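Single-structure report; data block below.
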Amino acid sequence: FLGVFGGIISFGFLGLVLGPILLSAAIAMFSDWSKNPRLLKRGDPSGKVPGEIDGEMPLHSEDEVEEAPQRRPSA
Numbered sequence: 011f012l013g014v015f016g017g018i019i020s021f022g023f024l025g026l027v028l029g030p031i032l033l034s035a036a037i038a039m040f041s042d043w044s045k046n047p048r049l050l051k052r053g054d055p056s057g058k059v060p061g062e063i064d065g066e067m068p069l070h071s072e073d074e075v076e077e078a079p080q081r082r083p084s085a
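Residue numbering for the sequence shown follows my numbering, beginning at 11 and increasing consecutively.
Here's what the structure looks like:
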């Protein structure tokens with residue numbers, strides 16, 4: 011009910027549809043997130059971000075990073 015009024019105020023007639031859809035999607039995502047405590051644990055392998063090593067992001071020194079080759083303008 012609140013999504014309808016918030017959507018109408020924000021987006022006009024299009025908000026009549028978008029308001030309730032966005033509100034219900036946000037509520038569903040929050041309820042799934044709050045019901046699954048496994049997602050909140052830092053050491054859990056299912057919650058790792060690609061590129062993480064043991065919960066820490068890999069660090070690169072400036073020497074390890076290669077510079078992009080420079081293109082010369084054609085004459």
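For every residue, glycine included, the Cβ atom is placed at its ideal position computed from N, Cα and C. Since the structure is predicted, the reported quantities are computational estimates derived from the model, not experimental observations.
If I measure Cβ to Cβ from residue i and keep anything under 8 Å in the same chain, skipping five residues before and after, which residues do I get?
| i | result |
| --- | --- |
| residue 21 | 28, 29 |
| residue 45 | none |
Would residue i pass as a contact of residue j if the rule is Cβ separation under 7 Å?
| i | j | result |
| --- | --- | --- |
| residue 26 | residue 37 | no |
Between the Cα of residue i and those of the options, spot the shortest distance and give me the residue it belongs to.
| i | options | result |
| --- | --- | --- |
| residue 31 | 16, 43, 44, 42 | 16 |
Using a Cβ-Cβ cut-off of 6 Å (strictly less than) and excluding sequence neighbours within five positions of residue i, which residues of its own chain qualify?
| i | result |
| --- | --- |
| residue 40 | none |
| residue 83 | none |
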